[in-house]
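If you read the sequence shown in full-length UniProt numbering, its first letter stands for residue 56, the second for the next number, and so on.
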Amino acid sequence: PPLERIPVDPFKLLHNEMAYVRESLMQLLGSSHPTLTEIASYYFQLPGKQLRPLLVLLFSRAVKGVTSGYTEKCFAFENAASKKQELDMPLSSPDVLNDWNPSMPNHSASFSTVFSMPSRAGRPPDSPASLRPYFSSQLSVLPTQLRLAQITEMIHVASLLHDDVIDLSSLRRASASAPFKFGNKLSILAGDFMLGRSSAALARLGDAEVVELIGTVIANLVEGEIMQLREQNESDKASGNAEEFALTPERWTTYLQKSYFKTASLMAKSSRAAVVLGGARPGVPEDEELKDVAYAFSRNLGIAFQLVDDLLDYSTSAELGKPGGGADLKLGLSTAPALFAWEEYPEMGPLIARKFKGDGDVEQARDLVLRSSALDRTRQLAKQYADKALEVLEHIPESDAREGLAVVAGMVIERTR
Ligand code: FPP
Ligand code: MG
Ligand code: MG
């Protein structure tokens, strides 16, 4: 009988790269204010799924040597020591990006040079040790792609810092949320700080197409959140007129659009950016196709991910490490499970119309969701998106990374937290 093949474990496949991404992230978060650094790094020190950097690295690996400009990209790093060094340099180093930084060991030196031009010549020589992680054969992706993976996770965590303020959430990654621990003001500011740092790191990648993609992601996150706020604040006139308040196809469209903006956009555009950094040249049809595959795969995966997130919201907080137990209902939000339950139980309509604000509404809505086939159907819909993602993958060459991406699609559907 044929030997049963063990599927690729994407985390093992990119173990060294992921370790590098995690370990050097803190360097990007150093600041002149220890409290700021503490809050900014708080969520990174708690166990997260790290799905977004994993996607970036998997696509980086999947198109290695496939894009028309790959050799040129490698050449740039093999031959330009200054380019490698610049990328490797902490953003909190004493130069124009950070005039004065007491958390850096040589801060007094940098303080004295605040008003002079940063001296490139004064930087430490290109020591082989500092570059080893990039060039050891153990790392399979380009330095720019490693940095993109970090930027992606920073933007995600910045959005969580803001999200936990907006959602009044006290729990994240099985610990006290940042706003609960440090307060709303500092959490917002730490998120802003991280966006600033990620923008600076983004600029250093030196690719305008990538800057545009990631800049748009940040705008999309806000657009998704605004769509959701609008839903929460929707005038309650509908509640007085249940006849007119119907489950229309537009309601589903709006929900899925919101899911794209708040979740899938970051995954889709950062995956696409990984392919750009891997040497996909604008206008070359084969390269454009690779970019489209990365975008389409992660867009579908992102929507699947959010659908599962919305169904897991009905699990307990002990299982999730975040509020759960119908937390979205308490926020007045009708996600996929509530909409599916509405299809089976018309009495869901008025509850949705008044945003579950009446006495016992949350409990009743939760009960309807659990009694109906809403959670099953939500998972099925997520599965359809994951299947679409898998279909798209057929358009890139077979590789261990491509198999890893397929495994990730399965993980997203099966996850329980
Ligand atoms: C989590 O969703 C939140 C997001 C996916 C995006 C939040 C975006 C903002 C707050 C806009 C500001 C953006 C930036 C970049 C600062 P959720 O609340 O449904 O999930 P949860 O259960 O994990 O809290
Ligand atoms: Mg939210
Ligand atoms: Mg939230």
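For every residue, glycine included, the Cβ atom is placed at its ideal position computed from N, Cα and C. These numbers were taken from a predicted model, which means no experiment stands behind them.
Item	Value
Taking the runs of the beta strand (DSSP E) that are 3 residues or longer, which of them lie wholly in the region 282-342?	none
Indicate the three-state DSSP secondary structure (helix, strand or coil) for Ser115 in the structure shown.	helix
Going by alpha carbons, who is nearest to Arg327 out of Lys313, Ser314, Tyr350, Trp307?	Tyr350
Would you mind working out which of Asp416, Lys324, Asp414, Arg421 sits nearest Thr371, comparing C-alpha positions?	Arg421
If you run the structure through DSSP and keep just helix, strand and coil, what is Val223?	The sequence given here has Leu at residue 223, not Val. Three-state DSSP puts Leu223 in coil, outside helix and strand.
How many angstroms separate the CA atom of Ser232 from the CA atom of Phe99?	12 Å
Please classify Lys287 as buried or exposed, where buried requires at least 16 other C-beta atoms within 10 Å of its C-beta.	Checking the sequence shown, residue 287 turns out to be Gln, not Lys. By the neighbour-count rule (16 or more Cβ atoms within 10 Å), Gln287 is not buried but exposed.
Beta carbon of Asp218: closer than 6 Å to some heavy atom of ligand 3?	yes
Cutting at 6 Å between CB atoms, please list the residues of its own chain near Glu208, excluding the five before and the five after it.	Arg107, Pro108
In three-state terms, what does DSSP make of Ile269?	helix
Closer than 6 Å to a non-hydrogen atom of ligand 3 - does that hold for the CB of Ser224?	yes
What residues are listed by DSSP as bridge partners for Ser230?	Arg227
I believe Leu113 touches Ala456 by the beta-carbon criterion, under 8 Å. Please report the beta-carbon distance rounded to the nearest angstrom.	5 Å
So, with DSSP's three-state summary, where would you put Gln105?	coil
Counting pairs of Cβ atoms below 8 Å between the region 216-235 and the region 73-86, do you hit three or more?	no
Which runs of the alpha helix (DSSP H) at least 4 residues long sit entirely within the region 340-401? Give them in chain order.	340-367, 372-375, 382-385, 391-399
Sorted by chain position, which residues of the same chain lie with C-beta nearer than 8 Å to Val265's C-beta, five sequence neighbours on each side aside?	Leu203, Leu257, Ala328, Val331, Leu332
By how many angstroms is the C-alpha of Leu423 removed from the C-alpha of Glu399?	9 Å
Excluding the five sequence neighbours on either side, which residues of its own chain have a C-beta within less than 6 Å of the C-beta of Ala229, listed in chain order?	Gly376
Taking just the CA atoms, how far does Ile269 sit from residue 502?	This structure leaves residue 502 out entirely; the chain is present only between 56 and 472.
Below 8 Å on the Cβ atoms is my contact criterion, and I expect Ala441 with Ile407 to pass it. Report the Cβ-Cβ distance as a whole number of Å.	In fact, because the Cβ distance is near 27 Å, the residues do not count as touching under 8 Å.
Mapping DSSP to helix, strand and coil, what is Thr471?	coil
According to DSSP, is Pro57 helix, strand or coil?	coil
Go ahead and pull the three-state DSSP assignment for Ser242.	helix
Run the proximity test for Val266: is its beta-carbon closer than 6 Å to any non-hydrogen atom belonging to ligand 1?	no
Closest to Glu305 by C-alpha separation, out of Leu394, Gly465, Glu280, would be which residue?	Leu394
In whole angstroms, give me the CA-to-CA distance for Pro188 and Phe130.	Summary for Pro188: the model assigns pLDDT 43, below 50, so the residue's position carries little reliability; its value from the coordinates is reported in the next sentence. If I take the Cα positions, the gap works out to 17 Å.
Would you call the region 109-128 and the region 333-343 in contact, with 3 or more CB pairs under 8 Å?	yes
By DSSP, does Ile94 sit in helix, in strand, or in coil?	helix
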